[in-house]
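Structure, as structure tokens:
There are 4 protein chains.
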Amino acid sequence: MAKMKAAIFVEKNRIVLDEKPIPEVGPLDALIRITTTTLCGTDVHILRGEYPVAKGLTIGHEPVGVIEKLGSQVQGFVEGQRVIAGAITPSGHSFACLCGCGAQDGPDTRHGFRAAGGWKFGNSIDGSQAEYLLVPDATANLCAIPDHLSDEQVLMCPDIMSTGFSGAERGEVQIGDTVVVFALGPIGLCAVAGARLKGATTIIGVDTVAARIEVAHKLGATHVVDFNKGDVVQQIMRLTDGRGVDVAIEALGTQSTFESALRVLRPGGTLSSLGVYSSDLRLPLDAFAAGLGDYRIVSTLCPGGKERMRRLMEVVGSGQVDLKPLVTHHFKLDDIEAAYELFAHQRDGVMKVAITP
Amino acid sequence: MAKMKAAIFVEKNRIVLDEKPIPEVGPLDALIRITTTTLCGTDVHILRGEYPVAKGLTIGHEPVGVIEKLGSQVQGFVEGQRVIAGAITPSGHSFACLCGCGAQDGPDTRHGFRAAGGWKFGNSIDGSQAEYLLVPDATANLCAIPDHLSDEQVLMCPDIMSTGFSGAERGEVQIGDTVVVFALGPIGLCAVAGARLKGATTIIGVDTVAARIEVAHKLGATHVVDFNKGDVVQQIMRLTDGRGVDVAIEALGTQSTFESALRVLRPGGTLSSLGVYSSDLRLPLDAFAAGLGDYRIVSTLCPGGKERMRRLMEVVGSGQVDLKPLVTHHFKLDDIEAAYELFAHQRDGVMKVAITP
Amino acid sequence: MAKMKAAIFVEKNRIVLDEKPIPEVGPLDALIRITTTTLCGTDVHILRGEYPVAKGLTIGHEPVGVIEKLGSQVQGFVEGQRVIAGAITPSGHSFACLCGCGAQDGPDTRHGFRAAGGWKFGNSIDGSQAEYLLVPDATANLCAIPDHLSDEQVLMCPDIMSTGFSGAERGEVQIGDTVVVFALGPIGLCAVAGARLKGATTIIGVDTVAARIEVAHKLGATHVVDFNKGDVVQQIMRLTDGRGVDVAIEALGTQSTFESALRVLRPGGTLSSLGVYSSDLRLPLDAFAAGLGDYRIVSTLCPGGKERMRRLMEVVGSGQVDLKPLVTHHFKLDDIEAAYELFAHQRDGVMKVAITP
Amino acid sequence: MAKMKAAIFVEKNRIVLDEKPIPEVGPLDALIRITTTTLCGTDVHILRGEYPVAKGLTIGHEPVGVIEKLGSQVQGFVEGQRVIAGAITPSGHSFACLCGCGAQDGPDTRHGFRAAGGWKFGNSIDGSQAEYLLVPDATANLCAIPDHLSDEQVLMCPDIMSTGFSGAERGEVQIGDTVVVFALGPIGLCAVAGARLKGATTIIGVDTVAARIEVAHKLGATHVVDFNKGDVVQQIMRLTDGRGVDVAIEALGTQSTFESALRVLRPGGTLSSLGVYSSDLRLPLDAFAAGLGDYRIVSTLCPGGKERMRRLMEVVGSGQVDLKPLVTHHFKLDDIEAAYELFAHQRDGVMKVAITP
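Residue numbers (numbering that gives the first Met the number 0), protein chains in the order written: chain A, 0 to 356; chain B, 0 to 356; chain C, 0 to 356; chain D, 0 to 356.
The following block contains the structure:
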């Protein structure tokens, strides 16, 4: 049986490059030869044991590659095509998918709903940090890359662009809105770009790292609030003349950012939560206006599926959003352990790394 | 200056019937002679000092009456007409109103948004537990009562029917949904009726009081879960074959009900919060699926304005929802202190009381 | 090769019962042994050559049956289960499906969108008026029938209930709305029931046949307008005190009903079109308010897929909507030509017929 | 009684500058001294007698000015403030306003809905092509101009920007959509900008005039189709690889553009109509997919009110949309007849004119 290299979760604080068999291709699957992939903050949570996965699992959920082999029932693609697949791979045929909630795709029985069932790569099945990747329900999940786009140009589509944009989309940003984005990591930066794409006119980024702030301005932030330079809530209320914001996007996953996001909402505003949390959250009574504020809190898992990927690649192709500045480092798959080392410690101004087998 | 009787907040644990001048009528106002009004759970919060209002304020926000005098600029009404006004009285001309959020109506400057600004009666201005009530922005807030409806039939429209229904409306209940309503007080019972009106097919009420449960079944509840007969979350998950509910409506205002509502949501489900809380809320990490569950949490303040009142009276007139069983007791305004005594202690199976001057 | 009986389109005005091979089952398919099916108005259009289908095609798109054989890749079902499938069978994996428009499901390439691609049974593939039916993309389209529901109780779910309800759903009927339904055939009657389920309080049916009007009242119509007793538009405007309706549902497919539906809209109202038209439509300048009326016109093809079927069977099971009075006649499959004869001529008060092999 | 100059409709083909009394200010009104206004295509319809208004009416609905005098009940403004008001002036207190449809504002009785009731200036009351303008319901309709914006920068907000943007908003343009705009007059150009603001990635303008096409590209058009260079529908289908468009915006008001807009929709797409039509419209059977296409047709009247104006000025202030190139000519109010002459004949590349008293 042919072998491939893959980044495998061994135990807490150990992800190593090892060999695994190249997967068998079932009727609904496609085997992708990975040409570029990347690391995600969630992978670091996995590395640190904060988000549990099975030992021996291949990590990674951001694939760019070439179709090596198609299952007998896959339609609409040919071997040799350049493709991406989303981090989340809805089956298309679950009850969740058929009520428009593909990210929450679960087992196919009525009783099987459970949260985040659509997130499979590097979570419930082997992921993309490998030479080959098996894509389930490939007809629903592969999307051909337009010829004029490079691997690196579409590398952010499977996860951070889809997640970040969804912060603005589920927040229902309107033309003329004021939006704040808490934390300008890769997801937050994409949320800034998404808010801009949806017509927000005042976009406030919250961070303290100069390089991130610079990218945020390029992607559409009109103001930046530095949490080291005074109370964040007060700064934002001042910037909005005491009115508060229409939509607050949480892109870090902490009590502090979540609570501040709630506190700066105008009555009737929306807190759009993208963060992956690692502890309970608290809604202070006054911040929640005792339940009388007409607030909306929405949490969103990265939307996937080929139609989503097609649209995101359209955005890239249109030139409206340029995420190339986010890819700060390049590694070979052979050096992925070094990539994790750099990325997990946020050294050297790293935002995203491109990994090529 | 002519005097009238009014139920006045004197200090914590003292609401008394006293005399006050009958209000002057400004150009935008209408003076209503109250023919029927009622007490609300929120009034009990005020009585107990849990929700602060100014000393000397007339309490009450559920008016049914007759137009005694119209301001010079009020259009579309005549003196002598039978009318109601909503508990919340949007001005119609604030920034909040003009972006569709009338309950959050505030001062008319851009800087003046603040939560719950549309709730004026018995909160920021004198309320309806009196012989006369001054209705601000009367053109936007009065609504004529159809001749064939009695005072008591429309007495629930200004607040609990509007609030309860909004739980289902903001929860975006769909045909075929499973909905749970936590606590079957007057608001919760109206939420049951609202869920039924919106097409829910499985409606689970949570309570333990037999009389309330009986009314819940009449209003559309298909199942009831008694929190004294085992773990509520487990009971609901069993009733839904482990699937969870599409929409959970919180109608009490406690950590326990809020948290249970979150725990029984299907992935992608909505927690629709109606309760008035009196302490911080906690979102347990697992119940919130670490932010990955595509959940929506919406809080809603009672929708007001004449179009809302018109529609609610249409519902009453259509015979689809009969709330008469909720009015369990009758008092004269002169006996309102006794009514508070009964209602605050939930004696004698009281649900709502009708107060007539 | 085993044979089965099937109702086949031979040529204009000839649908005959003939023999065909029982279909082969592919990996994604399920073979259903039909236990009950029915005829639809659209089948009569096909019979008359008004809606073109291929010669030799088996007609019918409303299947109730038992799983005879499952394809190797079908998940979540077992042979012997009682099931239905929707008239429309979205693949779940097309671009159209993945942007929430499964009824418009098309080929799996980006270039392949075309209208009504999700309608396959008795249109682009063999249909349900036969002893056996091959269901494509069975994981997405089969739905188990709850034990306590009979075939006849769920016979309306695949098409007319789904279509009729969608008239109210896509019309976005709100609590307290006034709705008119033009023509009280089976679809129109289900639209009445759907409007009621969504919270409409005034529901006006337009027809002239006593038996239909009687059923309409049972399903929720509050008023009926007889087009033989005066101008329909004037009658409706009078019933609504000159206000017009919030939502007008067109359920016949003619210029006359479409135009009247437009004329009775309140400014800002919605015309929800369910009819299958056979000629161009005209929007009179005044009826369309020269484009200034904030009107919405939506046309909807029957929603399908297993989640839809599950929800509709929940409605039946809840007892909120009883469509049994619509099944006026019963035939054996062997007598289907006689059933067509009766149904096409609307003899003997026929509404829907149940066909059993 | 003090007099002012005003452009008055005398009879078909005659709008003249004449004298009129400066209006009296009622309690809810504000008197604005006009500093800049403009002409609209609708004014030309009025001039030509195609849209009927009363003889003697002052024309114009696009006011920029300074508050000269405030009615006693107007809140939130001071005399001397620079303000705009929308072309449409919702009362804020009508049934239509209170169900979110302010452009369809009508008399305050339940029976009084009629289309376009919110359009008052230069339609049912005196308009803005004058030295002074009386603004009704001023609290709801005035909006202060930020100091850093000039009159000319906000001159497009009251009508064409609000109307054009609403084409994209009511069309529910999503990130990654393909949008076509039929006719690149001022409204169409603003629709292009609106589609861009809402996240469309392919925006096709249809026109033939070089100067308009140039501006369209600046405002976000990615492609232009010239109707003189072949069949428009075929050109658009080719540009979209046969897929069709998600949203087609009609911005001219003719059968030809309306029909083409329908023909290029993808199944499930939306036709967003902004044009003011002058004859019946036809929906060809095939273009309407016989009612099976899941199409949506929405018509929209310019949204008004101070919150809308505030948001549009935010867009201008953000620099995201620069409409200055649309103002091609300047006239004094004294020369307004010459302005009409130029504008009505579309001479000299005119797009919009600025008129200053």
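Even glycine gets a Cβ: it sits at the ideal position worked out from N, Cα and C.
Taking residue i as the reference, which of the options has the closest Cα?
i                 : options                                : result
Leu251 of chain A : A:Val275, A:Gly241, A:Asp321, A:Ala95  : A:Val275
Asp125 of chain C : C:Leu30, C:Ala215, C:Leu97             : C:Leu30
Ser149 of chain C : C:Cys301, C:Val52, C:Lys323            : C:Lys323
Glu313 of chain B : B:Gly198, B:Met155, B:Gln173, B:Leu69  : B:Met155
Gln254 of chain A : A:Ser277, A:Met236, A:Gly268           : A:Ser277
Leu261 of chain C : C:Cys100, C:Val180, C:Met3             : C:Val180
Glu23 of chain D  : D:Pro185, D:Val134, D:Ser298, D:Pro283 : D:Val134
Gly267 of chain A : B:Cys98, B:Gly59, B:Val52              : B:Cys98
Ala1 of chain B   : B:Thr34, B:Gly292, B:Ile14, B:Pro20    : B:Pro20
Pro185 of chain B : B:Thr239, B:Thr37, B:Ser298            : B:Thr37
Glu340 of chain B : B:Leu46, B:Leu27, B:Met3               : B:Leu46
Phe257 of chain D : C:Ser259, C:Leu282, C:Glu306           : C:Leu282
Phe226 of chain B : B:Asp240, B:Arg81, B:Ile203            : B:Ile203
Ile87 of chain C  : C:Ile335, C:Ala220, C:Met308           : C:Met308
Asp240 of chain A : A:Arg195, A:Val208, A:Thr201           : A:Thr201
Around the C-beta of residue i, are 16 or more other C-beta atoms found within 10 angstroms, so that it is buried, or is it exposed?
i                 : result
His92 of chain C  : buried
Gly229 of chain C : exposed
Gly48 of chain A  : exposed
Asp333 of chain A : exposed
Asp119 of chain B : The sequence shown places Lys at residue 119 of chain B, rather than the Asp named in the question. Lys119 of chain B should be labelled buried.
Val15 of chain C  : exposed
Glu130 of chain B : buried
Pro51 of chain D  : exposed
Gly348 of chain D : exposed
Ser71 of chain B  : exposed
How many Å lie between residue i and residue j at the Cα?
i                 : j                 : result
Asp107 of chain D : Thr138 of chain B : Its pLDDT being 43, under 50, Asp107 of chain D is placed unreliably by the model, and the measurement read from it follows with that caveat. Approximately 8 Å, taken between the alpha carbons.
Gly79 of chain B  : Ser161 of chain B : 25 Å
Ala102 of chain A : Thr177 of chain D : 24 Å
Arg310 of chain A : Gly175 of chain D : 5 Å
Ile296 of chain B : Asp104 of chain B : 22 Å
Gly85 of chain B  : Glu61 of chain B  : 7 Å
Phe112 of chain C : Val326 of chain A : Because Phe112 of chain C carries a pLDDT of 43, less than 50, the predicted location of this residue cannot be relied on, and the following value inherits that uncertainty. Straight-line Cα distance between these residues: approximately 35 Å.
Arg109 of chain B : Glu168 of chain B : Note that Arg109 of chain B has pLDDT 40, beneath the 50 cutoff, so the model's placement of it is unreliable and the number below is only indicative. Cα-Cα distance, rounded: 28 Å.
Asp293 of chain A : Asp17 of chain D  : 51 Å
Thr269 of chain C : Val246 of chain C : 5 Å
Listing by chain order, which chain D residues have their CB less than 7 Å from the CB of residue i?
i                 : result
Gly184 of chain A : Here the premise fails: no neighbours, minimum Cβ distance about 21 Å.
Using a Cβ cut-off of 7 Å, pull out every chain A residue sitting near residue i, in sequence order please.
i                 : result
Phe164 of chain D : Ile174
For residue i, list the residues DSSP reports as bridge partners.
i                 : result
Glu281 of chain A : The sequence shown places Arg at residue 281 of chain A, rather than the Glu named in the question. Beta-bridge pairing links Arg281 of chain A to B:Arg281.
Gly318 of chain B : Answer is none; Gly318 of chain B lacks a bridge partner.
Which chain B residues are close to residue i, counting only those with a beta carbon under 8 Å from its beta carbon?
i                 : result
Thr299 of chain A : Asp293
What does residue i touch in chain C if you count any residue whose Cβ is under 7 Å from its own?
i                 : result
Gly99 of chain A  : Gly99
Gly219 of chain D : Chain C residues near Gly219 of chain D: none, gap ~22 Å exceeds 7 Å.
Counting only Cβ pairs nearer than 7 Å, list the residues of chain B close to residue i.
i                : result
Cys96 of chain D : Gly91
Please list the partners that residue i has in chain D, where partner means a Cβ-to-Cβ separation under 8 Å.
i                 : result
Phe181 of chain C : Those within 8 Å of Phe181 of chain C in chain D number zero; the least Cβ separation is about 13 Å.
List, in chain order, every chain B residue whose beta-carbon is nearer than 9 Å to that of residue i.
i                 : result
Ser278 of chain A : Leu284
Any heavy atom of the ligand MN closer than 7 Å to the Cβ of residue i?
i                 : result
Ser123 of chain C : You won't find the ligand MN in this model; it holds no ligand whatsoever.
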